[in-house]
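Structure record follows, encoded as structure tokens.
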Amino acid sequence: VSDAIGAPAALATFAADWHSGRFYVLGIWHRETRAYLGDICLMPQTGGQAEIGYYLAREAEGQGYAREALGAVCQFGFEMVRAQRLLIRCFADNTRGQAVALAAGFRPETPPARFAWFRNADAVSLIRRFVRERAQNGR
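Spelled out as structure tokens, the structure:
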């Protein structure tokens with residue numbers, strides 16, 4: 046949301062997506078100051094997979110907020126959404142985002158093969174994929 050005028054429509058869309066189970070967006074907030082630090086989302090996909098994305102304000106990076114939020118969203122994804130597999134995609138130069146995924150128990154995954162004619166097929170080399178499978182105990 047780029048300004049306060051657009052906030053009500055964006056929040057209404059987020060609420061509709063949440064209730065339909067299409068897309069879950071959660072804010073990351075500082076517990077004491079209540080400052081907004083970023084957001085994290087989970088989008089269910091086909092075949093029991095859900096994709097996670099996260100963003101932190103630059104001044105909030107490196108303090109463990111993304112790791113804490115990712116741990117909570119993984120639990121939500123496995124327990125409430127009933128995902129069997131979680132996916133995170135990061136740009137190759139986003140080493141902090143990759144470190145967060147690895148710290149949360151995700152492992153690197155080779156991207157699926159794409160046909161050469163596929164639009165943006167060359168962009169695949171710019172993306173790193175990380176996956177985490179649902180454990181036998183449900184987490």
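Using this note's numbering, the letters of the sequence shown map in sequence onto residues 46 to 184.
Even for Gly, the Cβ is constructed at its ideal location relative to N, Cα and C.
Item, Value
"Status (buried if at least 16 other CB within 10 Å, exposed otherwise) for Ala57", "exposed"
"Inter-residue CB distance, Gly116 and Leu87 (contact presumed, cutoff 8 angstroms)", "Contact doesn't hold; Cβ gap of about 13 angstroms is too wide."
"Reference Val176, options Ser170, Pro157, Phe151, closest by Cα", "Phe151"
"Cβ pair Leu82, Ala105 closer than 9 angstroms", "yes"
"Check whether Arg134 and Gly98 have beta carbons under 9 angstroms apart", "yes"
"Inter-residue Cα distance where the pair is Gly93 and Glu124", "12 angstroms"
"Those residues which DSSP pairs with Pro89 across a bridge", "Ala95"
"Helix, strand or coil at Asp84 [DSSP, three-state]", "strand"
"Buried or exposed (CB count within 10 angstroms, at least 16 for buried), Tyr110", "buried"
"Pair within 9 angstroms by beta-carbon distance, Gly107 and Arg141", "yes"
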